[in-house]
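Per this note's numbering, numbering of the sequence shown is gapless, rising by one per residue and ending at 516.
Ideal Cβ positions, reconstructed from N, Cα and C, are used throughout, including at glycine.
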Amino acid sequence: MKIPAHGRSRADVLGTLDAYRAHDLDWRDGRTFAYVYDAGEEANSVVRDAFASFLVENALDPTVYPSLLRLENEIVAMMASHLGAENAVGSFTSGGTESILLALKSARDHARRTRPAVIRPEVVLPNTAHAAFHKAAHYLGLEVRVTPVDAGFRADVDAMRAAITDQTILLVGSAFSYAHGVVDPIPAIAGLAREKGLLCHVDGCIGGFVLPYFRRLGAKIVDFDLSVPGVTSISCDLHKYGFAAKGASVVLYNDPALREAQIYACSGWNGYTIVNTTVQSTKSGGPLAGAFAALHFLGDDGYLALAERMLDAARRLRDGLRGIGGLYPTSDPEGNLLAFASDEVSVFHLVDEMRLRGFYVQPQLSFARSPATLHLSVHPFAGPQVDALVAAMRESAEAARALPHGAIRARTHALVAERSGALGEADLGELLALAGVRGDALPSRMASVNELLDALPTAAREALLAGYVNALYVHREPAA
Ligand SMILES: *Cc1c(COP(=O)(O)O)cnc(C)c1O
């Protein structure tokens, strides 16, 4: 593909962009129960305008754009106050992954300064911790020690204690976890960190913003924020339940010395000096302005009202879905993220069937003690959809009962056993064909692919996914 030889008109360009969206998930109907964080059209339009008005300003250099420094400091201060430490310091980042990466970088570099005996730094993670921790450890050269969780999918603090070695630098807890929506026993994890002289990070990426509101609405929630003795950092996404535009999160620290370890400076070249607080260097002021706009337009009372809608819809959905097709909630969540498993029907068929009925619910593969589940992130406008969703699930469960499943799983397990876990290319080819994958074309129903992924060992899942995505990101002329 070549750059168009001649510029096109504004209407033409924008029209083409819109046309490209034809097959995207349409979130505006309120039937998408993952990926989308929407506070309503009015809030969206304020955020969009604010974002656009700061699109070109470059947050690379806060001395040239004092407005961006001010926006960042104000947003961080609001989040610090929201999360239990008026005087915390922090940074605005592009998302939860970057906030977590930076928290781990700070921990690593802080250990380099303060604990010279640590040569292979380790991080202790409950197995419900977000994949972003594994990714960050991979990028930063840290070891992870993964610990089991209890029957309610909350961290097992004794297991974490047992995983600590003389190389451990950081303990992690989630408030709440993505997969099961539950808050780890943060006071106990932080207490353990304090006892052992370790750092403690709380992943509040998805739960941190809403939990204080859920608590004000009467939900029973353990202390989880920077006010808990021993918690040294927390991450919290504004682009989830802060309803900012994507590209907005914060990482906060109680101790400025820890945040200093996050900062990267380089003057060993002859261009402009680099002093970066975050991974990105040149970056738009748009996400800052968008987050500022969301916080100011919605306000504390606006967020409380949205949280009440989410909590109410989540409770109704939890009650409504229970029992349909043998669905049962896998956890007792504090908030608005729900996970359901079933021993009667394939949850992967349910995902496909729900999609045919206009609802997007997210499949989650089995892992450790968790069975495969359906995930629903319940958004503020879910209330009016509850009855329709429950009815669609009832139909989906009936349809799912009639669909074949289990054969791909059985063949996968047999092959894995035969090869002692090390599947070759021919094996994967056979399994993919069995799942209906031809070349890079996915079947219209994803249940077979999900069943295959679910049955594979983790390393084989990852290899298969990487290969698929490597093939996906190649331009091809669309079929005429
Ligand atoms: C979403 C999420 C993350 C990662 O955040 P991104 O913004 O997607 O990078 C980390 N932890 C939890 C619990 C999350 O829900």
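So, using beta-carbon positions, are residue i and residue j closer together than 7 Å?
{"i": "isoleucine 222", "j": "phenylalanine 169", "result": "no"}
{"i": "valine 238", "j": "glycine 209", "result": "yes"}
{"i": "threonine 318", "j": "asparagine 94", "result": "yes"}
{"i": "alanine 289", "j": "serine 269", "result": "The sequence shown places tyrosine at residue 289, not alanine. Yes, Cβ-Cβ distance for tyrosine 289 and serine 269 is below 7 Å."}
{"i": "serine 382", "j": "histidine 441", "result": "yes"}
{"i": "valine 83", "j": "glycine 326", "result": "yes"}
{"i": "glycine 132", "j": "aspartate 273", "result": "yes"}
{"i": "valine 414", "j": "methionine 482", "result": "no"}
{"i": "valine 218", "j": "proline 369", "result": "yes"}
{"i": "leucine 412", "j": "phenylalanine 189", "result": "no"}
{"i": "leucine 324", "j": "glutamate 108", "result": "yes"}
{"i": "leucine 386", "j": "serine 432", "result": "yes"}
{"i": "phenylalanine 384", "j": "asparagine 486", "result": "yes"}
{"i": "glycine 278", "j": "alanine 349", "result": "no"}
{"i": "glycine 87", "j": "glycine 322", "result": "Reading off the sequence shown, one finds phenylalanine at residue 87, where the question assumed glycine. In contact: phenylalanine 87 and glycine 322 (Cβ atoms closer than 7 Å)."}
{"i": "leucine 228", "j": "alanine 143", "result": "no"}
{"i": "tyrosine 214", "j": "isoleucine 242", "result": "yes"}
{"i": "leucine 331", "j": "methionine 37", "result": "no"}
{"i": "proline 157", "j": "leucine 178", "result": "yes"}
{"i": "leucine 140", "j": "alanine 172", "result": "yes"}
{"i": "serine 285", "j": "threonine 164", "result": "no"}
{"i": "serine 484", "j": "glycine 503", "result": "no"}
{"i": "valine 49", "j": "tryptophan 63", "result": "no"}
{"i": "alanine 79", "j": "phenylalanine 333", "result": "yes"}
{"i": "leucine 91", "j": "serine 320", "result": "yes"}
{"i": "histidine 216", "j": "serine 367", "result": "yes"}
{"i": "alanine 496", "j": "leucine 459", "result": "yes"}
Taking 6 Å as the limit between beta carbons, can you name the residues of its chain near residue i, skipping five residues before and five after?
{"i": "threonine 309", "result": "Ser303"}
{"i": "aspartate 186", "result": "Asp192"}
{"i": "leucine 161", "result": "Phe169, Val180, Val182, Val208"}
{"i": "alanine 435", "result": "Glu389"}
{"i": "histidine 146", "result": "Leu294, Ala297"}
{"i": "glutamate 380", "result": "Gly361, Gly362"}
{"i": "alanine 226", "result": "Cys236, Val264, Gly266, Val267"}
{"i": "alanine 255", "result": "Glu370"}
{"i": "leucine 138", "result": "Val287, Gln298"}
{"i": "leucine 451", "result": "Asp463"}
Taking the alpha helix (DSSP H) that residue i falls in, what are its first and last residues?
{"i": "alanine 433", "result": "422-437"}
{"i": "threonine 448", "result": "443-454"}
{"i": "glutamate 84", "result": "Looking at the sequence provided, one finds arginine at residue 84 rather than glutamate. Taken as a continuous stretch (DSSP letters only), the alpha helix (DSSP H) holding arginine 84 covers 77-89."}
{"i": "threonine 494", "result": "494-508"}
{"i": "tyrosine 289", "result": "Note, tyrosine 289: premise wrong, no alpha helix (DSSP H); beta strand (DSSP E) at 285-289."}
{"i": "threonine 52", "result": "46-56"}
{"i": "glycine 465", "result": "461-470"}
{"i": "valine 387", "result": "383-392"}
{"i": "leucine 294", "result": "292-296"}
{"i": "aspartate 490", "result": "483-491"}
Between which two residues does the beta strand (DSSP E) carrying residue i extend?
{"i": "valine 159", "result": "158-162"}
{"i": "serine 271", "result": "269-273"}
{"i": "valine 154", "result": "No beta strand (DSSP E) contains valine 154, which DSSP labels as neither H nor E."}
{"i": "threonine 409", "result": "409-413"}
{"i": "arginine 521", "result": "Past the edges of the chain, shown from 37 to 516, lies residue 521, and the structure says nothing about it."}
{"i": "valine 208", "result": "204-210"}
{"i": "serine 402", "result": "Careful: serine 402 lies outside any beta strand (DSSP E) and carries neither H nor E."}
{"i": "valine 125", "result": "125-129"}
Go through its chain and collect everything with a Cβ distance to residue i's Cβ below 7 Å, but skip five positions before and after it.
{"i": "tyrosine 249", "result": "Tyr339, Leu340, Ala343"}
{"i": "histidine 449", "result": "Ala491"}
{"i": "glutamine 421", "result": "Gly66, Arg67"}
{"i": "leucine 478", "result": "Val485"}
{"i": "leucine 425", "result": "Leu353, Phe395"}
Output needed for residue i: all residues of its chain with C-beta closer than 8 Å, excluding positions within five of it in sequence on either side, in chain order.
{"i": "alanine 121", "result": "Asp261, Leu262, Ser263, Leu288, Asn290"}
{"i": "alanine 427", "result": "none"}
{"i": "isoleucine 444", "result": "Leu467, Leu470, Ala471, Ser484, Glu487, Leu488, Ala491"}
{"i": "phenylalanine 417", "result": "Gly66, Asp74, Gly76, Arg345"}
Does the beta carbon of residue i come closer than 7 Å to any beta carbon on chain C?
{"i": "phenylalanine 69", "result": "Among the chains in the structure shown there is no chain C, since it carries only a single protein chain."}
Practice problem: Jot down the residue ranges of each uninterrupted alpha helix (DSSP H) in the region 301-372, minimum 4 residues, whole runs only, in chain order. | Solution: List check, alpha helix (DSSP H) in window: 322-357.
Quiz prompt | Given 8 Å, three or more beta-carbon pairs between the region 390-406 and the region 449-465 | solution = No: the two stretches stay apart, fewer than three of their Cβ pairs being nearer than 8 Å.
Quiz item: Okay, do the region 457-471 and the region 489-509 touch, 3+ Cβ pairs below 8 Å being the bar?
Solution: Under the Cβ criterion (8 Å, minimum of three pairs), the region 457-471 counts as touching the region 489-509.
Practice problem: Give a yes or no on contact between the region 100-114 and the region 195-202, applying the rule of three or more CB pairs nearer than 8 Å. | Solution: By the Cβ criterion, the region 100-114 is not in contact with the region 195-202, since fewer than three pairs of Cβ atoms, one from each stretch, lie closer than 8 Å.
Quiz item: Can you give, in chain order, each stretch of the beta strand (DSSP E) that sits fully within the region 216-263 and has at least 3 residues?
Solution: 235-239, all fully within the region 216-263.
Quiz item: Are the region 279-293 and the region 119-129 touching, with three or more C-beta to C-beta distances below 8 Å?
Solution: When Cβ pairs closer than 8 Å are counted between the two stretches, the region 279-293 is seen to touch the region 119-129, the count reaching three or more.
Quiz item: Using 8 Å as the Cβ pair cut-off and three pairs as the minimum, do the region 134-141 and the region 347-360 touch?
Solution: No contact exists between the region 134-141 and the region 347-360.
Quiz item: Can you list the beta strand (DSSP E) stretches of 3 or more residues lying completely in the region 158-193, in chain order?
Solution: You should have 158-162, 179-183.
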